[in-house]
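Here the protein sequences line up with chains A and B, keeping their order.
With our numbering, the residue at position 42 of the first sequence is 42, and numbering never jumps.
With our numbering, the residue at position 72 of the second sequence is 1072, and numbering never jumps.
The beta-carbon is built from N, C-alpha and C at its ideal position, and this holds for glycine as well.
Because the structure is a prediction, the values reported are computed rather than measured.
To keep things clear, I will list the structure first and then write my remarks on it.
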Amino acid sequence: GAVVSQHPSRVICKSGTSVKIECRSLDFQATTMFWYRQFPKQSLMLMATSNEGSKATYEQGVEKDKFLINHASLTLSTLTVTSAHPEDSSFYICSAAGGGLGNEQFFGPGTRLTVL
Amino acid sequence: GQNIDQPTEMTATEGAIVQINCTYQTSGFNGLFWYQQHAGEAPTFLSYNVLDGLEEKGRFSSFLSRSKGYSYLLLKELQMKDSASYLCAVDNFNKFYFGSGTKLNVKP
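Pasting the structure below:
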């Protein structure tokens, strides 16, 4: 199957700082990437959908100015959590789709964000 | 809105069969995926249903009824390593909406 990586896998930061998370499709070109957030013992919540070269589409209730998404190439999307607060602590997972691989999404290993 | 329901938790015995149900009401439907997720890890793909009926893949099978908005994942010959959360996800035209997940506990 297709491989998606995320970096970093774990990050701890102080309240008020910004954190950037990278999502890369390693062996295929992802026309679409998705960002999810998962709180403990809950399911994945779709935050936004990004297509290469265009603005991300955010789900209702997700602040686009707080969660900046950039999809600059067919293999890289970044999520920046700006002015992070403790309530932003969560497990962030990206997925990628496209590249002639049908409509299946391939998930990255996730990034554990802890905001102190 | 999107409404996808699964039981929160189930317990079964090693070697047994377990069925995990998923009901959905979504604004669009292009297919339904089942994923397995171990704690702190990313989901891994198990199955995909587009048409009504049963899809079998080894010890795992998945069923879909589009008219009823219903799917189930069937796990046979349960093994201890099958202890995990199982997530159903509706593909709403390339946007995935996940159920809350069912935590499966497999006991010896």
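Margin query: Using a Cβ-Cβ cutoff of less than 6 angstroms, which residues in the same chain neighbour A/V11 once the five nearest sequence positions on both sides are dropped?
Written below: The residues are V19 and L113.
Check: Mind listing which residues of the stretch 101-115 of chain A have their C-beta closer than 7 angstroms to chain B's C-betas, in chain order?
Finding: Listed by position, the residues of the stretch 101-115 of chain A near chain B (Cβ gap below 7 angstroms) are N103, E104, Q105, F107, G108, P109 and G110.
Notebook entry, point to check: Which residues of chain A have a Cβ atom closer than 8 angstroms to the Cβ of B/E1055, listed in chain order?
Noted result: Chain-order list of chain A residues neighbouring B/E1055: empty, with the shortest C-beta distance near 14 angstroms, by a criterion of under 8 angstroms.
Next item on the list: Report the rounded CA-to-CA distance for A/N51 versus B/L1087, giving the unit in angstroms.
Entry: Here the alpha carbon of A/N51 sits roughly 25 angstroms from the alpha carbon of B/L1087.
Margin query: Can you pull the chain B neighbours of A/T17, defined as C-beta to C-beta under 9 angstroms?
Written below: For A/T17, none of the residues of chain B pass the 9 angstroms Cβ criterion, the least Cβ distance being about 23 angstroms.
Next item on the list: For B/K1103, name the three-state secondary structure that DSSP assigns.
Entry: Residue state, collapsed to three classes: strand.
Next item on the list: Give the residues of chain B in contact with A/F34, contact being defined as C-beta atoms less than 8 angstroms apart.
Entry: Think of a sphere of 8 angstroms around the beta carbon of A/F34: the chain B residues whose beta carbon falls inside it are K1095 and F1096, in chain order.
Check: Closest Cβ-Cβ distance between A/I21 and chain B: below 8 angstroms?
Finding: Not one chain B Cβ lies under 8 angstroms of A/I21.
Margin query: Between which residues of its own chain and A/S25 is the CB-CB distance below 7 angstroms, once the five residues before and five after are set aside?
Written below: Contacts found: A2, V4, T75 and A96.
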